[in-house]
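First the structure, in the form of structure tokens, and then the observations on it.
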Amino acid sequence: MQVNENKEFQPLIVAFCCNWCSYAGADLSGTNRLNYPTNVKIIRVPCSCRVNPMFILRAFQRGADGVILCGCHPGDCHYTSGNYFTRRRMTLLFSMLDFLGIERDRTRVEWVSAAEGAKFAATMNEFTEAVKKLGPNRRLEDLRCRKQ
Amino acid sequence: MNKNLKEQVLRSSGVNVLKCMRCGKCSGTCPSYDEMEYHPHQFVYMVEKGDIETLMKSESIYKCLTCFACVDRCPRGVQPAKVVEAVRLAAVRQQDGNRLSADQIPSLLDEDLPQQAIVTAMRKYAK
Amino acid sequence: MQRIGVFVCHCGTNIAATVDVKAVAEALSHEPGVVISQDYQYMCSESGQNLVKDAIKEHKLSGVVICSCSPRMHENTFRKAAASAGLNPYLVEIANIREQCSWIHKEIATATEKAIILGRAAVAKVHLNTPLTSMESPVVKRALVIGGGIAGIQTALDIAEAGFDVDIVEKKPTIGGKMAQIDKTFPTLDCAACILTPKMVEASQNEHITIHSFSEVEEVKGFVGNFTVKIRKKARYVDETKCTGCGLCTEKCPMKKVPNEFNMGLDNRSAVYIPFAQAVPKVATIDPNYCMMLKNGKCGVCSKVCSVGAIDYKQEDRIIEEKYGAIVVATGFDPIKLDKYDEFAYSQCPDVVTSLELERLMNAAGPNGGTLLRPSDKTHPHTIVFVQCVGSRCDDSKGKPYCSKICCMYTAKHAMLIREKYPDTEVYVFYIDVRTPGKNFDEFYRRAVEQYNVHYIKGMVGKVTPKSDGKIGVQASDLLSNEQLHIDADMVVLAAAIEPDKTARPLATMLTTQMDTNDFFTEAHPKLRPVESATAGIFLSGACQGPKDIPETVAQGSAAAAKAIGLLCKNSITCNPCVAHSDELKCNGCSSCEKVCPYGAITYIEKEFRMPDRTTAIRRVASVNPAVCQGCGACTVACPSGAMDLNGFSNSQIMAEVDAICK
Chain A
418 MQVNENKEFQ PLIVAFCCNW CSYAGADLSG TNRLNYPTNV KIIRVPCSCR
468 VNPMFILRAF QRGADGVILC GCHPGDCHYT SGNYFTRRRM TLLFSMLDFL
518 GIERDRTRVE WVSAAEGAKF AATMNEFTEA VKKLGPNRRL EDLRCRKQ
Chain B
64 MNKNLKEQVL RSSGVNVLKC MRCGKCSGTC PSYDEMEYHP HQFVYMVEKG
114 DIETLMKSES IYKCLTCFAC VDRCPRGVQP AKVVEAVRLA AVRQQDGNRL
164 SADQIPSLLD EDLPQQAIVT AMRKYAK
Chain C
252 MQRIGVFVCH CGTNIAATVD VKAVAEALSH EPGVVISQDY QYMCSESGQN
302 LVKDAIKEHK LSGVVICSCS PRMHENTFRK AAASAGLNPY LVEIANIREQ
352 CSWIHKEIAT ATEKAIILGR AAVAKVHLNT PLTSMESPVV KRALVIGGGI
402 AGIQTALDIA EAGFDVDIVE KKPTIGGKMA QIDKTFPTLD CAACILTPKM
452 VEASQNEHIT IHSFSEVEEV KGFVGNFTVK IRKKARYVDE TKCTGCGLCT
502 EKCPMKKVPN EFNMGLDNRS AVYIPFAQAV PKVATIDPNY CMMLKNGKCG
552 VCSKVCSVGA IDYKQEDRII EEKYGAIVVA TGFDPIKLDK YDEFAYSQCP
602 DVVTSLELER LMNAAGPNGG TLLRPSDKTH PHTIVFVQCV GSRCDDSKGK
652 PYCSKICCMY TAKHAMLIRE KYPDTEVYVF YIDVRTPGKN FDEFYRRAVE
702 QYNVHYIKGM VGKVTPKSDG KIGVQASDLL SNEQLHIDAD MVVLAAAIEP
752 DKTARPLATM LTTQMDTNDF FTEAHPKLRP VESATAGIFL SGACQGPKDI
802 PETVAQGSAA AAKAIGLLCK NSITCNPCVA HSDELKCNGC SSCEKVCPYG
852 AITYIEKEFR MPDRTTAIRR VASVNPAVCQ GCGACTVACP SGAMDLNGFS
902 NSQIMAEVDA ICK
């Protein structure tokens with residue numbers, strides 16, 4: 418999170434992308450020079466089902482303002498069924514975050530195929546805007562972890 | 064094409080006419096085929112096109128026995144009889160469109176047959 | 252202490268135009284453990300790679316971070332370079348500052364800042380990288396083909412041609428499958444038996460091919476290159492090695508009233524039988540459901556007449572176990588049961604037949620010796636109605652949602668053959684669409700219409716009613732002339748949909764391969780990997796993967812063979828080392844990971860552990876087979892005790908990246 422009085426709030430967004438579809442989709446949006454904000458930082462994982470809900474909580478604890486998880490479209494998973502696990506796990510995690518009072522728009526799951534560079538960029542633009550509106554994540558951030 | 068009318072027919076029938084693959088099995092199985100000007104498969108197609116007024120004016124809507132043979136045998140689950148019924152309903156709902164007057168009815172009753180309206184009603188609500 | 256080298260690539264101006272590469276190199280040089288940080292024009296070039304190699308040697312690097320293009324592009328390049336300099340290739344990490352930074356951002360300040368953060372995350376990750384070595388797993392040079400129809404035969408012959416041993420497992424007493432039952436083949440009208448039976452003989456005589464007829468796969472264990480399969484050889488009560496196939500027993504057998512499944516139940520066979528004259532292996536089989544000797548111990552005629560003493564009433568099922576490197580599934584199809592379509596009167600009237608039954612009725616080796624007669628009264632039919640799409644292209648509740656693909660063509664074939672042999676017969680074909688994509692297919696169908704005057708009517712048969720005079724009333728719609736037709740037919744032929752064989756689903760479970768909702772095996776990629784299943788080492792041949800005609804089946808059979816040969820040629824296979832592994836001390840043996848694994852890579856073993864008090868305890872712990880694991884990581888999240896982790900993407904590595912990005 419970076420707040421500067423002169424500048425507008427710039428959220429920190431962590432994106433987990435599966436290696437086979439979404440990471441390739443992100444590469445494609447680069448190849449096509451489709452802009453999205455620098456706020457988004459991508460972490461490559463083999464499959465969206467590799468993302469432990471702990472990673473998302475960790476990101477929030479360390480001061481991320483939004484976390485987005487991208488995987489292959491249902492039915493297209495490179496590992497056949499990984500994104501179905503993701504869908505279930507994230508449903509559970511999001512309902513828990515909801516219970517904790519974390520705004521629903523701070524987290525998102527999106528299916529992006531390797532061919533959907535435009536969709537990747539559009540999703541990131543949209544998501545960054547949504548998180549910007551919500552302001553900094555204060556509820557889950559651990560102040561002891563904040564950089565000095 | 065009357066979009067409202069089409070929407071009304073689609074809603075009251077609950078049928079997705081786009082599921083039809085134009086095989087014509089409904090018309091192949093229909094016992095009142097020869098009585099009808101427009102046949103079951105035409106009902107489905109014309110409703111899809113939105114050409115409903117033509118159907119409403121046709122005698123065909125009263126020729127359907129609601130035997131549900133077409134519903135039973137349609138490979139795609141389109142339910143043509145429900146479409147016919149919905150067009151019939153649309154015709155009934157028109158103002159001044161009465162086809163029979165009350166005093167004509169007794170002469171039309173057949174002592175030996177169960178009343179068609181009752182039989183069809185039972186079928187309609189059973190399905 | 253780690254010694255990490257960071258190399259920032261300009262990629263000409265691709266990166267350097269929007270990212271201040273010197274600033275990135277400078278910022279990353281202050282990261283913990285970084286001993287050298289430099290930038291270069293083209294890291295992927297020969298000299299760029301040499302830069303990395305030299306630095307590894309000179310600075311004794313324990314980890315390398317390359318800030319460049321996507322790892323999907325050049326990860327392997329840099330891994331190879333590292334390996335040639337003596338560094339484990341899995342100690343290299345790529346920070347993607349081109350596709351995911353310089354190419355999408357315009358402002359130099361923010362893009363540089365992001366590039367630094369991405370580089371920092373990669374440095375944080377590489378701190379926790381561990382050297383990984385690819386495992387080699389040996390390949391057993393033998394293939395198993397499940398199903399002995401034309402698909403299985405073709406695959407087996409092609410694999411044998413390459414010099415590998417192949418076993419065919421066929422559940423019926425003979426190989427040949429559905430093609431053996433077919434009379435003629437479209438679009439050339441050559442006789443199916445004439446082209447199939449030589450192949451069957453070739454298979455039986457090939458020194459590399461072993462045929463296990465009347466056998467079924469019982470259990471499959473293992474993984475690509477190393478499957479262990481148990482095959483149940485069902486008791487046929489005849490010693491295969493002794494029987495000469497003379498057929499004397501089948502002649503003398505007093506129990507002659509057994510429906511002949513080869514002729515679709517249209518005639519009878521004896522309790523001891525050879526399915527058809529050209530059966531391979533040509534060995535008799537006793538049907539225990541009808542044999543009087545086996546049922547109540549009275550008879551024994553066959554054993555008395557057999558001159559070689561092959562009859563053995565005491566034979567029992569035998570289980571054999573064999574090891575294979577590759578498995579090809581060729582389980583084929585069956586026509587669907589037509590009981591629920593009572594509008595077609597299939598179960599009421601013997602003269603309403605399926606197309607496969609018509610094949611037998613017209614076949615020279617069929618029940619009528621090749622003369623087309625009505626099954627009911629053995630008279631010549633004068634009017635025949637064909638009904639297309641019976642059970643195909645239906646709503647899920649009414650039948651199969653797919654097009655069975657072969658019916659249009661075989662119906663054109665039947666119609667043509669009938670019109671040619673019996674010109675006095677009127678043939679009507681009721682169709683919804685005529686689908687004839689394929690070489691010479693549409694020409695064939697047009698010939699049926701134009702030369703043979705087959706009446707093709709666009710419409711569907713609504714009702715079939717058997718009449719008391721032996722005729723069959725057919726009520727149908729003719730959509731083009733907009734009228735309802737009533738035809739008095741002598742025979743009605745239904746083009747029944749085809750479905751995968753019933754044994755396919757239990758087999759898929761055994762093989763841990765995937766199936767679609769219609770029980771067809773799913774290919775690894777619908778376009779680019781059409782003959783492989785998603786499970787390594789399992790290949791698909793023929794109609795088990797989807798409806799197919801004979802040319803297509805043979806093509807796919809050969810393609811599956813090529814893929815299997817490609818695997819069998821290797822002495823060993825290299826496995827991806829980024830696989831899951833379980834910390835046995837943490838594992839509680841709960842089976843959560845086993846349930847989510849799509850590959851069946853996780854098994855449980857009982858292992859002895861030494862306890863702190865010097866006693867030993869046996870615990871159930873998860874064990875991952877690295878040759879089977881594909882490294883998706885589903886198990887790592889499912890594991891409640893945190894015992895399961897993934898090489899190359901470990902929990903701590905991903906956490907370190909998260910922390911570095913959020914710092």
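Protein chains in written order, with this note's numbering: chain A, 418 to 565; chain B, 64 to 190; chain C, 252 to 914. Note that beta-carbon positions come from the ideal geometry of N, C-alpha and C, so glycine has one too. All of these numbers come straight from a predicted model, not from anything done at the bench.
Exercise for review: Indicate whether residue 462/C and residue 399/C have their beta-carbon atoms separated by less than 8 angstroms.
Suggested key: Stepping through the third sequence from its first residue, residue 462/C is reached at position 211. Stepping through the third sequence from its first residue, residue 399/C is reached at position 148. Going by C-beta atoms, residue 462/C is nearer than 8 angstroms to residue 399/C.
Practice item. Could you please tell me which residues of the segment 310–340 of chain C, in chain order, have their CB closer than 9 angstroms to any CB of chain A? Key: 320, 321, 322, 323, 324
Point to revise | Contact with chain C by residue 463/A, beta-carbon distance below 8 angstroms | key: Against the first sequence, residue 463/A aligns to sequence position 46. It does: the Cβ of residue 463/A has a partner Cβ on chain C nearer than 8 angstroms.
Review point. Going by alpha carbons, who is nearest to residue 720/C out of 620/C, 765/C, 714/C, 600/C?
Key: The sequence position of residue 720/C within the third sequence is 469, counting from 1. With distances taken between Cα atoms, residue 720/C lies closest to 600/C.
Check your understanding: Where are the beta strand (DSSP E) runs, 3 residues long or more, that stay fully inside the segment 302–384 of chain C, in chain order?
Key -> 314–319, 343–347
Practice item. List the residues of chain A that residue 566/C touches, going by C-beta distances under 7 angstroms, in chain order. Key: In the third sequence, the residue the question calls residue 566/C occupies position 315. What residue 566/C touches in chain A: nothing, since even the nearest Cβ is about 42 angstroms away.
Review point. Apart from the five residues on each side of it in sequence, which residues of its chain come closer than 6 angstroms, Cβ to Cβ, to residue 126/B?
Key: Taking the first residue of the second sequence as position 1, residue 126/B is located at position 63. Here the set comprises 95, 98, 99.
Practice item. Please report how far the alpha carbon of residue 807/C lies from the alpha carbon of residue 776/C, in whole angstroms. Key: For the purposes of this step, residue 807/C is taken as residue 556 along the third sequence, with counting starting at 1. For the purposes of this step, residue 776/C is taken as residue 525 along the third sequence, with counting starting at 1. Their backbone Cα atoms lie some 14 angstroms apart in a straight line.
Check your understanding: Using the rule of at least 16 other Cβ atoms within 10 Å of the residue's Cβ for burial, across every protein chain shown, is residue 556/A buried or exposed?
Key -> Counting from 1 along the first sequence, the entry for residue 556/A is found at position 139. Residue 556/A should be labelled exposed.
Check your understanding: If you measure from the beta carbon of residue 77/B to each beta carbon in chain C, is any gap under 8 angstroms?
Key -> Working through the second sequence from its first residue, we reach residue 77/B at position 14. For residue 77/B, the answer is no, since every Cβ of chain C falls outside 8 angstroms of its Cβ.
Exercise for review: Kindly indicate the opening and closing residues of the beta strand (DSSP E) around residue 258/C.
Suggested key: Translated into positions along the third sequence, residue 258/C becomes position 7. 255–260 is the extent of the beta strand (DSSP E) around residue 258/C.
Exercise for review: Could you pull out every residue in the same chain whose Cβ sits closer than 6 angstroms to the Cβ of residue 527/C, ignoring the five residues on either side in sequence?
Suggested key: Against the third sequence, residue 527/C aligns to sequence position 276. Excluding sequence neighbours, residue 527/C sits near 513.
Practice item. Kindly indicate the opening and closing residues of the beta strand (DSSP E) around residue 639/C. Key: One-based indexing of the third sequence puts residue 639/C at position 388. Its beta strand (DSSP E) spans residues 634–641.
Exercise for review: Note the first and the last residue of the continuous alpha helix (DSSP H) segment covering residue 541/A.
Suggested key: Position 124 of the first sequence, counting from 1, holds the residue named residue 541/A. Its alpha helix (DSSP H) spans residues 534–551.
Review point. Out of curiosity, what's the CA-to-CA distance linking residue 544/A and residue 459/A?
Key: By one-based count along the first sequence, residue 544/A stands at place 127. By one-based count along the first sequence, residue 459/A stands at place 42. Between residue 544/A and residue 459/A, the C-alpha separation is close to 14 angstroms.
Check your understanding: How would you list, in chain order, the residues of chain C whose beta-carbon sits under 7 angstroms from the beta-carbon of residue 526/A?
Key -> Counting from 1 along the first sequence, the entry for residue 526/A is found at position 109. The premise fails here: residue 526/A is roughly 14 angstroms from chain C at the closest Cβ pair, so nothing lies under 7 angstroms.
Check your understanding: Would residue 652/C pass as a contact of residue 645/C if the rule is Cβ separation under 8 angstroms?
Key -> As a first step, residue 652/C is located in the third sequence; it is residue number 401 there, counting from the start. As a first step, residue 645/C is located in the third sequence; it is residue number 394 there, counting from the start. Yes, these two residues count as a Cβ contact at 8 angstroms.
Review point. Can you find a C-beta in chain A that's less than 8 angstroms from the C-beta of residue 913/C?
Key: As a position in the third sequence, residue 913/C is number 662, starting the count at 1. Answer yes: the Cβ-Cβ gap between residue 913/C and chain A drops below 8 angstroms somewhere.
Review point. DSSP puts residue 833/C in a beta bridge; with which residues?
Key: As a working note, residue 833/C is residue 582 in the third sequence. Looking at the DSSP assignment, residue 833/C forms a beta bridge with 895/C.
Check your understanding: Are the segment 570–582 of chain C and the segment 465–483 of chain C touching, with three or more C-beta to C-beta distances below 8 angstroms?
Key -> yes
Check your understanding: Taking just the CA atoms, how far does residue 88/B sit from residue 877/C?
Key -> In the third sequence, residue 877/C corresponds to position 626, counting from 1. In the second sequence, residue 88/B corresponds to position 25, counting from 1. Spanning the two alpha carbons is a distance of roughly 55 angstroms.
Practice item. Go to residue 766/C, then tell me how far its beta strand (DSSP E) extends in each direction, as first and last residue. Key: Along the third sequence, read from residue 1 onward, the residue named residue 766/C stands at position 515. Looking at the DSSP string, residue 766/C is not in any beta strand (DSSP E), and its letter there is neither H nor E.
Review point. Using a Cβ cut-off of 7 angstroms, which residues of the segment 705–732 of chain C contact any Cβ in chain B, in chain order?
Key: 710, 711, 712, 713, 714, 726, 727, 728, 730
Practice item. Would you please verify whether the beta carbon of residue 97/B is less than 8 angstroms from any beta carbon of chain C? Key: Within the second sequence, the letter at position 34 stands for residue 97/B. Cβ-Cβ to chain C under 8 angstroms: yes for residue 97/B.
Check your understanding: When DSSP labels each residue in this structure, what does residue 499/A get in the three-state scheme?
Key -> Locating residue 499/A in the first sequence gives position 82, counting from the first residue. Correct three-state label for residue 499/A: helix.
**Study point:** Selected residue, minimal CA-CA separation from residue 271/C, among 844/C, 252/C, 292/C, 680/C
**Key:** For the purposes of this step, residue 271/C is identified with residue 20 of the third sequence, where counting begins at 1. Of the listed residues, the one whose Cα sits closest to residue 271/C is 292/C.
Exercise for review: Excluding the 5 residues preceding and the 5 following residue 854/C in the sequence, name in chain order all residues of the same chain whose CB lies nearer than 8 angstroms to its CB.
Suggested key: Against the third sequence, residue 854/C aligns to sequence position 603. Cβ neighbours of residue 854/C beyond the five flanking positions: 845, 873, 874, 876.
Review point. Using the C-alpha atoms, what's the distance from residue 395/C back to residue 570/C?
Key: Sequence index remark: in the third sequence, residue 570/C carries index 319 (1-based). Sequence index remark: in the third sequence, residue 395/C carries index 144 (1-based). Cα-Cα distance, rounded: 16 angstroms.
Check your understanding: CB-CB under 6 angstroms to residue 632/C, same chain, minus the five flanking residues each way: which ones, in chain order?
Key -> Taking the first residue of the third sequence as position 1, residue 632/C is located at position 381. Answer for residue 632/C: 625, 741, 742, listed in chain order.
**Study point:** Distance, residue 483/C Cα to residue 523/C Cα
**Key:** Translated into the one-based positions of the third sequence, residue 523/C becomes position 272. Translated into the one-based positions of the third sequence, residue 483/C becomes position 232. Their backbone Cα atoms lie some 21 angstroms apart in a straight line.
Practice item. Kindly say whether residue 138/B, judged by its beta-carbon, lies nearer than 8 angstroms to any beta-carbon of chain C. Key: The residue given as residue 138/B occupies position 75 in the second sequence. Yes, its Cβ sits closer than 8 angstroms to a Cβ of chain C.
Review point. CB-CB under 6 angstroms to residue 667/C, same chain, minus the five flanking residues each way: which ones, in chain order?
Key: Locating residue 667/C in the third sequence gives position 416, counting from the first residue. Hits under 6 angstroms: 699, 703.
Review point. Buried or exposed: residue 167/B, going by 16 or more other Cβ atoms within 10 Å of its Cβ?
Key: Along the second sequence, read from residue 1 onward, the residue named residue 167/B stands at position 104. Exposed is the call here.
Point to revise | Contact with chain C by residue 554/A, beta-carbon distance below 8 angstroms | key: For the purposes of this step, residue 554/A is taken as residue 137 along the first sequence, with counting starting at 1. No, because no Cβ of chain C sits closer than 8 angstroms to the Cβ of residue 554/A.
Review point. Given that a residue counts as buried once 16 or more other Cβ atoms are within 10 Å of its Cβ, and exposed if not, what is residue 67/B?
Key: Looking up residue 67/B in the second sequence gives position 4. So residue 67/B counts as exposed.
Check your understanding: Based on Cα-Cα distance, which residue from 623/C, 638/C, 316/C lies nearest to residue 674/C?
Key -> One-based indexing of the third sequence puts residue 674/C at position 423. Residue 623/C is the option with its Cα nearest to residue 674/C.
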